[in-house]
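Protein sequences appear in the order of chains A and B. Counting along the first sequence from 1, when you hit position 129 you're at 129 in my numbering, and nothing is skipped either side. With positions in the second sequence counted from 1, the corresponding number in my numbering is that position plus 144. Glycine residues also receive a C-beta, built at the ideal position from the N, C-alpha and C atoms. Below is one structure, written out as structure tokens, with a few remarks after it.
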Amino acid sequence: MEDYQAAEETAFVVDELTQLGRARCESWTTNVVEQTSSQLTKLGEPLKYVVTCVIMQKNAAGLHTASSCFWDSSADGSCTVRWENKTMYCIVGAFGLGIGPPSPADDLPPVVHLLTPAMNSVNSFLVLFKSVLWHSQNVEEKNK
Amino acid sequence: MEEYHRHCDEVGFNAEEAHNIVKECVDGVLGGEDYDHNNINQWTASIVEQSLTHLVKLGKAYKYIVTCAVVQKSAYGFHTASSCFWDTTSDGTCTVRWENRTMNCIVNVFAIAIVL
């Protein structure tokens with residue numbers, strides 16, 4: 001999946017140093033999202049993108065993330081990358097949203113399949129209160 | 145990353161309205177609770193689902209992405225960032241930070257206009 005590869009390559013940017021410093025961490029999260037976003041747009045797909053990144057020190061407290069989306073399941077999709085080294089965890093979420101009017105169920109352009117999750121349905125657009133709930137649960141270390 | 149600030153209002157997306165909706169949801173789910181590893185899954189799921197439901201009920205022509213991160217308070221670092229490639233005249237975002245004695249919660253709402 002092209003989205004997955006782009007996000008994973010960018011996550012390795014943060015593997016420069018082993019110590020977690022506050023100032024560096026702040027620039028890492030910024031660099032990760034900016035580089036991921038620019039690499040995704042370079043794919044040239046007719047999509048808008050939202051990229052989020054969470055970096056958390058290891059051997060710290062518990063962390064839980066979740067996301068829920070209300071969109072056109074035939075045109076939009078998401079991808080999560082979890083990355084870690086010996087001092088920190090990094091969770092990157094990339095969301096791609098189709099531009100233009102919602103597609104009819106039997107008229108999906110080929111590019112949509114790159115981002116369409118496996119559980120995608122082809123129901124009509126704007127089915128109220130139907131959300132794609134996706135949990136990203138990576139860090140569960142407790143305080144020792 | 146800005147702290148304790150809402151992202152600026154975009155034309156077409158009412159960030160203040162979304163902020164109030166999300167803050168109410170988080171208060172309702174986490175208010176009065178201490179960090180609990182057994183319940184945290186349920187709490188984060190409830191926050192994103194309830195926030196999304198209330199945003200959809202506004203009846204506006206938007207697609208929504210709601211993300212939530214809850215972290216136990218500690219002496220250690222925690223950073224988040226986001227980047228968006230979209231139409232700045234119609235799309236917008238809102239970030240809500242919430243905390244109590246034992247945990248921090250960050251909720252991001254991204255609203256992308258639907259072109260009909």
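- The stretch 33-42 of chain A makes contact with the stretch 50-69 of chain A; the number of CB pairs closer than 8 Å reaches 3 or more.
- Put simply, the backbone Cα of His198 (chain B) is about 32 Å away from that of Ser218 (chain B).
- In this chain, the beta strand (DSSP E) harbouring Glu84 (chain A) covers Gly77 to Glu84.
- Annotated three-state conformation of Ala159 (chain B) is helix, per DSSP.
- Taking a C-beta distance under 8 Å as the contact criterion, Asp76 (chain A) and Gly44 (chain A) do not qualify as a contact pair.
- With a threshold of 8 Å between beta carbons, Ile256 (chain B) makes contact with chain A.
- Your pair Cys25 (chain A) and Gly221 (chain B) checks out as a contact, with CB atoms roughly 6 Å apart and the cut at 8 Å.
- Residue-level contact by beta carbon holds for Glu34 (chain A) and chain B, with a gap shorter than 8 Å.
- Cα atoms of Ile165 (chain B) and Ser195 (chain B): separation of roughly 7 Å, rounded to the nearest angstrom.
- Close partners of Leu202 (chain B) in chain A (Cβ separation under 7 Å) are lacking, with about 11 Å as the shortest Cβ gap.
- Note that the C-beta distance between Ile258 (chain B) and Tyr206 (chain B) is below 8 Å.
- In the DSSP secondary-structure assignment, Asn248 (chain B) is bridged to B:Val215 and B:Glu243.
- Per the coordinates, the alpha-carbon of Cys238 (chain B) lies some 30 Å from the alpha-carbon of Thr87 (chain A).
- Comparing alpha-carbon positions, the option among B:Ile191, B:Thr232 and B:Gly175 lying closest to Asn252 (chain B) turns out to be B:Ile191.
- Just so you know, the alpha carbons of Asn182 (chain B) and Leu40 (chain A) end up roughly 36 Å apart.
- Across the structure, Ala189 (chain B) and Gly172 (chain B) are spaced so that their CA atoms are roughly 13 Å apart.
- Contact residues of the stretch 51-78 of chain A toward chain B are Val51, Thr52, Cys53, Val54, Ile55, Met56, Gln57, Lys58, Asn59, Ala60, Ala61, Gly62, Leu63, His64, Thr65, Ala66, Ser67, Ser68, Cys69, Phe70, Trp71, Asp72, Asp76 and Ser78 (C-beta to C-beta distance below 9 Å).
- For Tyr89 (chain A), no chain B residue has a C-beta closer than 8 Å to its own C-beta; the minimum C-beta separation is roughly 10 Å.
- Assignment of Leu97 (chain A) by DSSP, reduced to helix, strand and coil, places it in the strand class.
- Interface with chain B (8 Å Cβ-Cβ cutoff): Lys48 (chain A) is included.
- In the same chain as Asp235 (chain B), and ignoring 5 residues on each side of it, the C-beta atoms closer than 7 Å to its own belong to Glu154, Phe157, Ala255, Ile256 and Ala257, in chain order.
- Per DSSP, reduced to three states, the secondary structure at Gly221 (chain B) is coil, with no helix or strand assignment.
- Going by DSSP, His198 (chain B) is part of the alpha helix (DSSP H) stretching over Ile184 to Lys201.
- Minimum Cα-Cα distance from Ala159 (chain B) among the listed residues B:Lys204, B:Met247, B:Gly175 and B:Val215 corresponds to B:Lys204.
- Under DSSP, Gln57 (chain A) forms a beta bridge with A:Met88.
- Under the three-state reduction of DSSP output, Thr65 (chain A) falls in the strand class.
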